[in-house]
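Numbering (this note's numbering), first residue to last: -11 to 484.
Glycine included, each C-beta is placed from N, C-alpha and C at the ideal position.
In what follows, a single structure is set out as C-alpha coordinates and then discussed.
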(Lines of atoms letter the chains of each structure in order from A and count residues from 1; the text may use other names and numbers.)
(Lines give C-alpha, C1' and ligand atoms only; values in the text may rest on other atoms or scores of the structure.)
Protein backbone atom coordinates (compact mmCIF):
# COMPACT_ATOMS: atom_id res chain seq x y z
CA UNK A 1 0.00 0.00 0.00
CA UNK A 2 1.36 3.45 -0.93
CA UNK A 3 2.11 6.14 1.65
CA UNK A 4 -0.80 8.21 0.32
CA UNK A 5 -3.29 5.36 0.76
CA UNK A 6 -1.98 4.58 4.26
CA UNK A 7 -2.25 8.23 5.23
CA UNK A 8 -5.85 8.42 3.98
CA UNK A 9 -6.73 5.16 5.75
CA UNK A 10 -5.32 6.21 9.14
CA UNK A 11 -6.78 9.72 8.93
CA UNK A 12 -10.22 8.38 8.06
CA UNK A 13 -9.95 5.94 10.98
CA UNK A 14 -9.35 8.85 13.37
CA UNK A 15 -5.74 8.14 14.37
CA UNK A 16 -4.63 11.27 16.30
CA UNK A 17 -0.93 11.55 15.34
CA UNK A 18 0.75 10.13 12.24
CA UNK A 19 4.56 10.25 12.23
CA UNK A 20 6.05 10.04 8.72
CA UNK A 21 9.71 9.05 8.72
CA UNK A 22 11.14 10.65 5.57
CA UNK A 23 13.97 12.80 4.21
CA UNK A 24 11.86 13.99 1.28
CA UNK A 25 9.60 16.65 2.79
CA UNK A 26 8.64 17.99 -0.65
CA UNK A 27 7.23 14.63 -1.74
CA UNK A 28 5.33 14.18 1.53
CA UNK A 29 4.00 17.76 1.24
CA UNK A 30 2.68 16.95 -2.22
CA UNK A 31 0.84 13.89 -0.89
CA UNK A 32 -0.65 15.85 2.05
CA UNK A 33 -1.67 18.68 -0.28
CA UNK A 34 -3.53 16.27 -2.59
CA UNK A 35 -5.29 14.58 0.35
CA UNK A 36 -6.31 17.97 1.81
CA UNK A 37 -7.64 19.18 -1.56
CA UNK A 38 -9.68 16.01 -2.19
CA UNK A 39 -11.18 15.93 1.33
CA UNK A 40 -11.52 19.76 1.52
CA UNK A 41 -9.42 20.01 4.66
CA UNK A 42 -7.55 23.09 5.84
CA UNK A 43 -3.87 22.60 6.74
CA UNK A 44 -1.52 24.61 8.90
CA UNK A 45 2.20 23.93 9.26
CA UNK A 46 4.89 24.64 11.83
CA UNK A 47 8.56 24.35 10.90
CA UNK A 48 11.82 25.52 12.45
CA UNK A 49 12.63 28.02 9.71
CA UNK A 50 9.38 30.03 9.51
CA UNK A 51 7.38 29.02 12.57
CA UNK A 52 3.60 28.89 12.00
CA UNK A 53 2.80 29.16 8.31
CA UNK A 54 0.25 28.44 5.62
CA UNK A 55 0.84 24.84 4.55
CA UNK A 56 0.61 25.41 0.79
CA UNK A 57 2.25 28.84 0.50
CA UNK A 58 4.81 28.39 3.32
CA UNK A 59 4.24 32.04 4.30
CA UNK A 60 4.61 33.04 7.94
CA UNK A 61 1.37 33.60 9.84
CA UNK A 62 1.29 36.71 12.00
CA UNK A 63 3.87 39.44 12.47
CA UNK A 64 6.51 37.34 14.17
CA UNK A 65 7.92 33.80 14.19
CA UNK A 66 5.90 31.71 16.65
CA UNK A 67 7.32 28.83 18.65
CA UNK A 68 5.68 25.41 18.33
CA UNK A 69 4.23 25.80 21.82
CA UNK A 70 2.67 29.20 20.92
CA UNK A 71 1.31 27.79 17.65
CA UNK A 72 -0.30 24.81 19.39
CA UNK A 73 -1.87 27.11 22.00
CA UNK A 74 -3.53 29.22 19.28
CA UNK A 75 -4.65 26.16 17.28
CA UNK A 76 -6.16 24.41 20.29
CA UNK A 77 -8.39 27.46 20.98
CA UNK A 78 -9.81 27.38 17.43
CA UNK A 79 -12.21 24.90 15.93
CA UNK A 80 -10.06 21.83 15.18
CA UNK A 81 -12.62 20.11 12.97
CA UNK A 82 -11.51 19.21 9.41
CA UNK A 83 -7.95 20.39 10.04
CA UNK A 84 -4.52 18.92 9.36
CA UNK A 85 -1.72 20.10 11.66
CA UNK A 86 1.65 19.46 10.01
CA UNK A 87 4.73 19.66 12.27
CA UNK A 88 8.34 19.55 11.03
CA UNK A 89 11.76 20.07 12.64
CA UNK A 90 10.22 19.04 15.94
CA UNK A 91 12.90 16.85 17.56
CA UNK A 92 14.30 19.58 19.81
CA UNK A 93 10.80 20.89 20.51
CA UNK A 94 9.66 17.49 21.76
CA UNK A 95 12.12 17.68 24.65
CA UNK A 96 9.96 20.50 26.08
CA UNK A 97 7.40 19.16 28.56
CA UNK A 98 4.84 21.90 27.86
CA UNK A 99 4.92 21.33 24.08
CA UNK A 100 4.44 17.56 24.54
CA UNK A 101 1.54 18.22 26.93
CA UNK A 102 -0.14 20.53 24.37
CA UNK A 103 0.18 17.90 21.61
CA UNK A 104 -1.24 15.31 23.99
CA UNK A 105 -4.27 17.52 24.76
CA UNK A 106 -5.05 17.94 21.04
CA UNK A 107 -4.58 14.17 20.54
CA UNK A 108 -7.08 13.48 23.34
CA UNK A 109 -9.63 15.77 21.65
CA UNK A 110 -9.13 13.91 18.37
CA UNK A 111 -9.56 10.57 20.17
CA UNK A 112 -12.86 11.81 21.57
CA UNK A 113 -14.25 12.48 18.08
CA UNK A 114 -12.81 15.78 16.75
CA UNK A 115 -12.04 15.38 13.03
CA UNK A 116 -8.43 16.50 13.01
CA UNK A 117 -5.03 14.86 12.38
CA UNK A 118 -1.54 15.83 13.53
CA UNK A 119 1.09 14.85 10.96
CA UNK A 120 4.73 14.90 12.04
CA UNK A 121 7.45 14.69 9.37
CA UNK A 122 11.08 13.95 10.20
CA UNK A 123 13.93 11.71 8.98
CA UNK A 124 14.65 10.80 12.61
CA UNK A 125 12.10 8.88 14.66
CA UNK A 126 11.96 10.46 18.12
CA UNK A 127 8.83 9.80 20.16
CA UNK A 128 8.31 11.06 23.74
CA UNK A 129 6.90 8.32 25.95
CA UNK A 130 3.85 10.48 26.79
CA UNK A 131 2.82 10.41 23.12
CA UNK A 132 3.61 6.76 22.28
CA UNK A 133 -0.02 5.56 22.55
CA UNK A 134 -1.27 8.30 20.21
CA UNK A 135 1.33 7.95 17.44
CA UNK A 136 1.32 5.69 14.38
CA UNK A 137 4.58 5.56 12.43
CA UNK A 138 4.60 5.42 8.63
CA UNK A 139 7.73 5.13 6.52
CA UNK A 140 8.01 6.64 3.08
CA UNK A 141 8.81 3.74 0.80
CA UNK A 142 11.82 3.91 -1.48
CA UNK A 143 10.88 4.33 -5.12
CA UNK A 144 10.42 1.20 -7.19
CA UNK A 145 12.07 0.54 -10.55
CA UNK A 146 9.04 1.77 -12.50
CA UNK A 147 9.06 5.15 -10.70
CA UNK A 148 12.83 5.53 -11.18
CA UNK A 149 12.46 4.62 -14.86
CA UNK A 150 9.93 7.45 -15.22
CA UNK A 151 12.32 9.95 -13.56
CA UNK A 152 15.06 8.95 -16.05
CA UNK A 153 12.59 9.28 -18.94
CA UNK A 154 11.44 12.73 -17.78
CA UNK A 155 15.05 13.90 -17.27
CA UNK A 156 16.07 12.65 -20.72
CA UNK A 157 13.13 14.45 -22.36
CA UNK A 158 13.90 17.72 -20.54
CA UNK A 159 17.53 17.56 -21.67
CA UNK A 160 16.86 16.18 -25.16
CA UNK A 161 18.87 13.00 -24.52
CA UNK A 162 18.10 9.52 -25.81
CA UNK A 163 18.55 6.66 -23.33
CA UNK A 164 18.15 3.10 -24.61
CA UNK A 165 15.53 0.98 -22.83
CA UNK A 166 18.11 -1.62 -21.77
CA UNK A 167 20.28 1.08 -20.14
CA UNK A 168 17.19 2.58 -18.47
CA UNK A 169 16.45 -0.81 -16.94
CA UNK A 170 20.03 -1.15 -15.65
CA UNK A 171 20.00 2.38 -14.23
CA UNK A 172 16.59 1.83 -12.61
CA UNK A 173 17.95 -1.16 -10.69
CA UNK A 174 21.23 0.58 -9.80
CA UNK A 175 19.48 3.78 -8.60
CA UNK A 176 17.22 1.98 -6.13
CA UNK A 177 17.42 3.43 -2.65
CA UNK A 178 18.20 6.99 -3.74
CA UNK A 179 15.81 9.91 -3.44
CA UNK A 180 14.38 11.72 -6.45
CA UNK A 181 16.69 14.68 -5.77
CA UNK A 182 19.75 12.39 -5.60
CA UNK A 183 18.76 10.65 -8.84
CA UNK A 184 18.33 13.94 -10.69
CA UNK A 185 21.67 15.16 -9.32
CA UNK A 186 23.46 12.01 -10.55
CA UNK A 187 21.87 12.28 -13.99
CA UNK A 188 22.83 15.97 -14.18
CA UNK A 189 26.40 15.10 -13.13
CA UNK A 190 26.56 12.45 -15.85
CA UNK A 191 25.43 14.90 -18.53
CA UNK A 192 27.79 17.66 -17.36
CA UNK A 193 30.73 15.21 -17.31
CA UNK A 194 30.14 13.19 -20.49
CA UNK A 195 27.43 15.12 -22.29
CA UNK A 196 25.28 11.99 -22.19
CA UNK A 197 23.94 9.20 -19.96
CA UNK A 198 25.90 5.98 -20.47
CA UNK A 199 26.70 2.73 -18.66
CA UNK A 200 29.90 4.43 -17.47
CA UNK A 201 27.74 6.60 -15.19
CA UNK A 202 27.05 3.59 -12.96
CA UNK A 203 30.24 4.64 -11.11
CA UNK A 204 28.51 7.88 -10.02
CA UNK A 205 25.67 5.79 -8.62
CA UNK A 206 28.09 3.54 -6.73
CA UNK A 207 29.78 6.60 -5.17
CA UNK A 208 26.42 8.06 -4.12
CA UNK A 209 25.42 4.78 -2.50
CA UNK A 210 28.74 4.73 -0.67
CA UNK A 211 27.75 8.10 0.78
CA UNK A 212 24.40 6.65 1.91
CA UNK A 213 26.14 3.77 3.67
CA UNK A 214 28.73 6.03 5.33
CA UNK A 215 26.06 8.40 6.61
CA UNK A 216 23.98 5.54 8.03
CA UNK A 217 26.73 4.64 10.51
CA UNK A 218 25.34 1.07 10.68
CA UNK A 219 26.46 -0.59 7.46
CA UNK A 220 29.88 -0.52 5.82
CA UNK A 221 30.50 -0.79 2.08
CA UNK A 222 33.47 -3.08 1.43
CA UNK A 223 35.65 -2.34 -1.63
CA UNK A 224 35.87 -5.36 -3.93
CA UNK A 225 39.31 -6.50 -5.06
CA UNK A 226 38.91 -10.28 -4.80
CA UNK A 227 37.20 -12.51 -7.31
CA UNK A 228 36.05 -16.12 -7.38
CA UNK A 229 39.39 -17.30 -8.86
CA UNK A 230 41.21 -16.03 -5.76
CA UNK A 231 39.59 -18.84 -3.77
CA UNK A 232 41.80 -21.93 -3.79
CA UNK A 233 39.58 -25.01 -3.76
CA UNK A 234 36.03 -25.00 -2.30
CA UNK A 235 34.77 -26.16 -5.70
CA UNK A 236 31.30 -27.18 -4.48
CA UNK A 237 30.76 -23.75 -2.98
CA UNK A 238 32.10 -21.94 -6.05
CA UNK A 239 29.91 -24.03 -8.38
CA UNK A 240 26.82 -23.20 -6.27
CA UNK A 241 27.68 -19.49 -6.28
CA UNK A 242 28.21 -19.44 -10.07
CA UNK A 243 24.69 -20.81 -10.57
CA UNK A 244 23.21 -18.19 -8.22
CA UNK A 245 25.17 -15.46 -10.03
CA UNK A 246 23.20 -16.21 -13.19
CA UNK A 247 20.04 -15.22 -11.30
CA UNK A 248 21.58 -12.03 -9.88
CA UNK A 249 23.06 -10.98 -13.21
CA UNK A 250 19.65 -11.41 -14.88
CA UNK A 251 17.21 -10.49 -12.11
CA UNK A 252 14.25 -9.40 -14.24
CA UNK A 253 14.56 -12.33 -16.67
CA UNK A 254 14.78 -14.73 -13.72
CA UNK A 255 11.63 -13.23 -12.16
CA UNK A 256 9.75 -13.46 -15.44
CA UNK A 257 10.80 -17.12 -15.71
CA UNK A 258 9.40 -17.80 -12.24
CA UNK A 259 12.71 -18.16 -10.40
CA UNK A 260 12.47 -17.40 -6.68
CA UNK A 261 14.82 -14.73 -5.38
CA UNK A 262 17.82 -16.31 -3.57
CA UNK A 263 17.66 -15.59 0.18
CA UNK A 264 21.20 -16.21 1.30
CA UNK A 265 23.99 -18.53 2.29
CA UNK A 266 25.63 -19.56 5.56
CA UNK A 267 29.28 -20.59 5.40
CA UNK A 268 30.39 -22.28 8.61
CA UNK A 269 33.61 -23.92 9.65
CA UNK A 270 37.28 -23.62 10.42
CA UNK A 271 38.71 -20.11 10.97
CA UNK A 272 41.07 -18.85 8.28
CA UNK A 273 39.78 -21.13 5.54
CA UNK A 274 38.24 -18.65 3.12
CA UNK A 275 34.85 -17.69 4.58
CA UNK A 276 35.48 -13.94 4.49
CA UNK A 277 37.19 -14.20 1.11
CA UNK A 278 34.13 -16.06 -0.20
CA UNK A 279 31.86 -13.18 0.90
CA UNK A 280 33.95 -10.67 -1.06
CA UNK A 281 34.26 -12.95 -4.09
CA UNK A 282 30.48 -13.53 -4.07
CA UNK A 283 29.73 -9.81 -4.42
CA UNK A 284 32.27 -9.58 -7.29
CA UNK A 285 30.71 -12.57 -9.00
CA UNK A 286 27.17 -11.19 -8.56
CA UNK A 287 28.40 -7.75 -9.74
CA UNK A 288 26.69 -6.02 -6.80
CA UNK A 289 27.88 -3.95 -3.78
CA UNK A 290 29.06 -5.76 -0.64
CA UNK A 291 27.59 -4.34 2.59
CA UNK A 292 28.96 -5.49 5.93
CA UNK A 293 26.64 -5.45 8.94
CA UNK A 294 28.50 -5.08 12.23
CA UNK A 295 26.07 -6.28 14.89
CA UNK A 296 27.98 -4.28 17.52
CA UNK A 297 27.04 -1.04 15.77
CA UNK A 298 23.35 -1.85 16.16
CA UNK A 299 23.43 -1.62 19.93
CA UNK A 300 22.12 1.75 21.13
CA UNK A 301 21.96 3.21 24.61
CA UNK A 302 18.30 4.32 24.43
CA UNK A 303 15.17 2.17 24.70
CA UNK A 304 14.18 0.89 21.25
CA UNK A 305 17.29 2.31 19.55
CA UNK A 306 18.88 -1.09 18.79
CA UNK A 307 15.69 -2.44 17.20
CA UNK A 308 15.35 0.76 15.15
CA UNK A 309 18.96 0.41 13.98
CA UNK A 310 18.24 -3.16 12.87
CA UNK A 311 15.13 -2.06 10.95
CA UNK A 312 17.09 0.79 9.33
CA UNK A 313 19.93 -1.57 8.35
CA UNK A 314 17.47 -4.00 6.75
CA UNK A 315 15.59 -1.19 5.03
CA UNK A 316 18.81 0.32 3.67
CA UNK A 317 20.05 -3.06 2.41
CA UNK A 318 16.73 -3.66 0.66
CA UNK A 319 16.77 -0.16 -0.82
CA UNK A 320 20.29 -0.59 -2.20
CA UNK A 321 19.60 -4.14 -3.42
CA UNK A 322 20.66 -5.97 -5.44
CA UNK A 323 23.52 -6.36 -2.99
CA UNK A 324 25.27 -8.89 -0.78
CA UNK A 325 24.72 -8.27 2.95
CA UNK A 326 27.64 -9.85 4.80
CA UNK A 327 27.25 -10.71 8.50
CA UNK A 328 30.55 -11.98 9.88
CA UNK A 329 30.70 -14.34 12.88
CA UNK A 330 26.94 -14.61 13.10
CA UNK A 331 27.09 -16.90 16.13
CA UNK A 332 28.57 -14.09 18.25
CA UNK A 333 25.64 -11.81 17.44
CA UNK A 334 22.92 -14.24 18.54
CA UNK A 335 24.71 -16.55 20.99
CA UNK A 336 22.58 -17.69 23.91
CA UNK A 337 19.20 -16.83 22.37
CA UNK A 338 16.47 -18.76 24.16
CA UNK A 339 18.55 -19.46 27.26
CA UNK A 340 17.86 -18.01 30.72
CA UNK A 341 20.80 -15.62 30.30
CA UNK A 342 19.69 -14.27 26.91
CA UNK A 343 19.52 -10.50 26.59
CA UNK A 344 16.03 -9.09 25.92
CA UNK A 345 17.29 -6.60 23.31
CA UNK A 346 19.31 -9.30 21.49
CA UNK A 347 16.24 -11.56 21.48
CA UNK A 348 14.15 -8.82 19.83
CA UNK A 349 16.90 -8.14 17.27
CA UNK A 350 17.02 -11.86 16.50
CA UNK A 351 13.25 -11.95 16.01
CA UNK A 352 13.37 -9.01 13.59
CA UNK A 353 16.22 -10.59 11.60
CA UNK A 354 14.58 -14.01 11.52
CA UNK A 355 11.24 -12.65 10.28
CA UNK A 356 12.98 -10.67 7.54
CA UNK A 357 15.02 -13.70 6.39
CA UNK A 358 11.86 -15.79 6.23
CA UNK A 359 9.70 -13.27 4.36
CA UNK A 360 12.08 -11.18 2.24
CA UNK A 361 11.64 -11.14 -1.52
CA UNK A 362 14.18 -8.43 -2.37
CA UNK A 363 17.52 -9.25 -4.07
CA UNK A 364 19.46 -8.50 -0.87
CA UNK A 365 21.50 -11.70 -0.62
CA UNK A 366 22.52 -12.44 2.98
CA UNK A 367 25.90 -14.11 3.29
CA UNK A 368 26.58 -15.06 6.90
CA UNK A 369 29.79 -16.62 8.14
CA UNK A 370 30.26 -18.52 11.39
CA UNK A 371 33.06 -20.43 13.10
CA UNK A 372 30.94 -22.37 15.59
CA UNK A 373 27.33 -23.15 14.70
CA UNK A 374 26.78 -24.97 18.00
CA UNK A 375 26.41 -21.50 19.57
CA UNK A 376 23.75 -20.45 17.05
CA UNK A 377 19.98 -20.62 17.69
CA UNK A 378 18.53 -23.70 15.92
CA UNK A 379 15.84 -21.48 14.33
CA UNK A 380 18.53 -19.94 12.11
CA UNK A 381 19.55 -23.33 10.71
CA UNK A 382 16.08 -24.43 9.65
CA UNK A 383 15.20 -24.74 5.97
CA UNK A 384 13.84 -21.52 4.56
CA UNK A 385 16.20 -19.15 6.37
CA UNK A 386 19.22 -19.74 4.12
CA UNK A 387 19.18 -21.39 0.70
CA UNK A 388 22.17 -23.52 1.70
CA UNK A 389 24.63 -24.09 4.53
CA UNK A 390 28.19 -25.05 3.57
CA UNK A 391 30.88 -26.46 5.84
CA UNK A 392 34.46 -25.29 5.20
CA UNK A 393 37.17 -27.65 6.48
CA UNK A 394 40.96 -27.36 6.53
CA UNK A 395 42.17 -27.54 2.90
CA UNK A 396 43.06 -30.94 1.43
CA UNK A 397 46.30 -31.41 -0.58
CA UNK A 398 44.73 -30.33 -3.90
CA UNK A 399 43.26 -27.20 -2.29
CA UNK A 400 46.58 -26.40 -0.61
CA UNK A 401 48.26 -26.59 -4.02
CA UNK A 402 45.76 -24.12 -5.46
CA UNK A 403 46.10 -21.79 -2.46
CA UNK A 404 49.92 -21.76 -2.76
CA UNK A 405 49.65 -21.04 -6.49
CA UNK A 406 47.11 -18.22 -5.98
CA UNK A 407 49.25 -16.39 -3.42
CA UNK A 408 52.60 -16.92 -5.15
CA UNK A 409 51.16 -15.89 -8.53
CA UNK A 410 49.62 -12.78 -6.98
CA UNK A 411 52.97 -11.61 -5.51
CA UNK A 412 55.77 -13.28 -7.54
CA UNK A 413 54.28 -14.68 -10.78
CA UNK A 414 57.67 -15.12 -12.46
CA UNK A 415 59.00 -17.24 -9.57
CA UNK A 416 56.08 -19.69 -9.55
CA UNK A 417 57.47 -22.11 -12.21
CA UNK A 418 60.68 -22.54 -10.18
CA UNK A 419 59.01 -23.19 -6.80
CA UNK A 420 58.33 -26.81 -5.81
CA UNK A 421 54.69 -26.38 -4.83
CA UNK A 422 54.26 -30.16 -4.53
CA UNK A 423 56.89 -30.25 -1.76
CA UNK A 424 55.26 -27.32 0.05
CA UNK A 425 51.90 -29.10 -0.06
CA UNK A 426 53.40 -32.26 1.46
CA UNK A 427 54.69 -30.43 4.56
CA UNK A 428 51.62 -28.27 5.26
CA UNK A 429 49.04 -30.83 6.40
CA UNK A 430 46.76 -29.11 8.91
CA UNK A 431 47.52 -25.59 7.68
CA UNK A 432 44.59 -23.27 7.01
CA UNK A 433 44.30 -21.03 3.96
CA UNK A 434 45.32 -18.07 6.16
CA UNK A 435 48.35 -20.05 7.41
CA UNK A 436 49.46 -20.72 3.83
CA UNK A 437 49.02 -17.08 2.82
CA UNK A 438 51.10 -16.12 5.86
CA UNK A 439 54.03 -18.43 5.04
CA UNK A 440 54.08 -17.25 1.40
CA UNK A 441 54.11 -13.65 2.56
CA UNK A 442 56.88 -14.34 5.12
CA UNK A 443 58.99 -16.26 2.61
CA UNK A 444 58.80 -13.44 0.06
CA UNK A 445 59.64 -10.84 2.72
CA UNK A 446 62.68 -12.83 3.90
CA UNK A 447 63.96 -13.18 0.33
CA UNK A 448 63.63 -9.43 -0.16
CA UNK A 449 65.48 -8.67 3.10
CA UNK A 450 68.30 -11.00 2.00
CA UNK A 451 68.63 -8.99 -1.26
CA UNK A 452 67.66 -12.04 -3.35
CA UNK A 453 66.45 -11.48 -6.90
CA UNK A 454 63.89 -14.27 -6.69
CA UNK A 455 61.98 -16.36 -4.16
CA UNK A 456 62.95 -20.02 -3.88
CA UNK A 457 61.22 -23.04 -2.37
CA UNK A 458 63.67 -22.90 0.55
CA UNK A 459 62.47 -19.47 1.70
CA UNK A 460 58.83 -20.59 1.87
CA UNK A 461 59.87 -23.93 3.44
CA UNK A 462 61.73 -22.07 6.21
CA UNK A 463 58.65 -19.94 6.85
CA UNK A 464 56.57 -23.13 7.13
CA UNK A 465 58.98 -24.63 9.67
CA UNK A 466 58.68 -21.54 11.88
CA UNK A 467 54.85 -21.56 11.79
CA UNK A 468 52.55 -23.61 14.03
CA UNK A 469 49.55 -24.77 11.97
CA UNK A 470 45.96 -24.20 13.04
CA UNK A 471 45.43 -27.96 13.37
CA UNK A 472 47.88 -28.03 16.32
CA UNK A 473 46.75 -24.75 17.90
CA UNK A 474 43.02 -25.67 17.91
CA UNK A 475 43.13 -29.48 17.74
CA UNK A 476 40.39 -30.24 20.31
CA UNK A 477 38.11 -27.44 19.12
CA UNK A 478 38.50 -28.45 15.48
CA UNK A 479 37.75 -32.12 16.23
CA UNK A 480 34.54 -31.15 18.07
CA UNK A 481 33.59 -28.76 15.31
CA UNK A 482 34.05 -31.35 12.56
CA UNK A 483 32.05 -33.92 14.49
CA UNK A 484 29.20 -31.44 14.88
CA UNK A 485 29.16 -30.59 11.16
CA UNK A 486 29.13 -34.28 10.24
CA UNK A 487 26.26 -34.91 12.66
CA UNK A 488 24.25 -32.09 11.09
CA UNK A 489 25.01 -33.46 7.61
CA UNK A 490 26.03 -30.07 6.20
CA UNK A 491 27.11 -29.75 2.60
CA UNK A 492 30.90 -29.77 2.24
CA UNK A 493 32.32 -26.76 0.35
CA UNK A 494 35.12 -28.98 -0.93
CA UNK A 495 34.65 -31.35 -3.86
CA UNK A 496 35.31 -34.93 -2.74
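Alpha carbon of residue i to alpha carbon of residue j, nearest angstrom
i	j	result
residue 0	residue 17	18 Å
residue 118	residue 340	25 Å
residue 424	residue 215	18 Å
residue 70	residue 47	21 Å
residue 239	residue -9	26 Å
residue 449	residue 464	27 Å
residue 142	residue 133	14 Å
residue 270	residue 441	36 Å
residue 42	residue 21	12 Å
residue 187	residue 266	27 Å
residue 26	residue 252	45 Å
residue 189	residue 175	8 Å
residue 140	residue 197	18 Å
residue 434	residue 447	7 Å
residue 159	residue 65	52 Å
residue 304	residue 375	22 Å
residue 55	residue 99	25 Å
residue 274	residue 264	16 Å
residue 503	residue 59	Because the chain is modelled from -11 through 484, residue 503 falls outside the range shown and cannot be assessed.
residue -2	residue 131	22 Å
residue 470	residue 419	15 Å
residue 415	residue 474	26 Å
residue 154	residue 137	11 Å
Status (buried if at least 16 other CB within 10 Å, exposed otherwise) for residue i
i	result
residue 101	exposed
residue 245	exposed
residue 4	buried
residue 8	buried
residue 421	buried
residue 481	buried
residue 290	Reliability fails at residue 290, whose pLDDT of 49 lies under 50, so the model's placement of it is uncertain and the value that follows must be treated cautiously. With fewer than 16 other Cβ atoms within 10 Å, it is exposed.
residue 431	buried
residue 260	buried
residue 306	buried
residue 403	buried
residue 33	buried
residue 461	exposed
residue -5	buried
residue 349	exposed
residue -7	exposed
residue 202	exposed
residue 294	buried
residue 169	exposed
residue 351	buried
residue 389	buried
residue 90	buried
residue 436	exposed
Selection from the options that minimises the alpha carbon distance to residue i
i	options	result
residue 14	242, 167 and 137	167
residue 85	65, 116 and 76	116
residue 510	37, 44, 65 and 66	In the structure as shown, the chain starts at -11 and stops at 484, and residue 510 therefore has no counterpart that could be examined.
residue 479	226, 194, 183 and 24	226
residue 152	163, 132 and 184	184
residue 23	427, 273, 72 and 42	72
residue 128	159, 77, 10 and 189	10
residue 409	207, 120, 434 and 443	443
residue 57	70, 68, 46 and 39	39
residue 147	217, 126, 162 and 172	172
residue 205	98, 163, 134 and 280	280
residue 387	99, 275, 483 and -2	483
residue 257	378, 405 and 407	378
residue 28	104, 82, 241 and 344	104
residue 417	457, 372, 262 and 435	457
residue 79	68, 109, 98 and 50	109
residue 368	351, 298, 338 and 126	338
residue 82	114, 94 and 67	114
residue 111	120, 90 and 125	125
residue 218	211, 393 and 35	393
residue 179	438, 98 and 150	150
residue 207	228, 345 and 314	314
residue 309	396, 344, 419 and 276	276
residue 95	2, 157 and 45	2
residue 162	145, 144, 182 and 195	195
residue 355	156, 120, 232 and 165	232
residue 373	44, 397, 345 and 398	345
Presumed contact (8 Å Cβ cut-off) between residue i and residue j, rounded CB distance
i	j	result
residue 312	residue 278	5 Å
residue 255	residue 334	The Cβ separation is near 22 Å, so there is no contact.
residue 411	residue 445	6 Å
residue 75	residue 106	7 Å
heavy atom of the ligand ZN below 6 Å from residue i C-beta
i	result
residue 464	Judged by which ligands are present, the structure shown has none, so any question about the ligand ZN falls away.
Open item on the list: Can you confirm whether the segment 313 to 323 touches the segment 347 to 364 when touching is taken to mean that 3 or more C-beta pairs between the two stretches lie within less than 8 Å?
Closed with: yes
- [ ] Answer yes if the segment 221 to 229 comes into contact with the segment 378 to 385, meaning at least three C-beta pairs across the two stretches below 8 Å, and no otherwise.
- [x] Taking a cut-off of 8 Å on C-beta distances, the segment 378 to 385 touches the segment 221 to 229, as three or more cross pairs fall below it.
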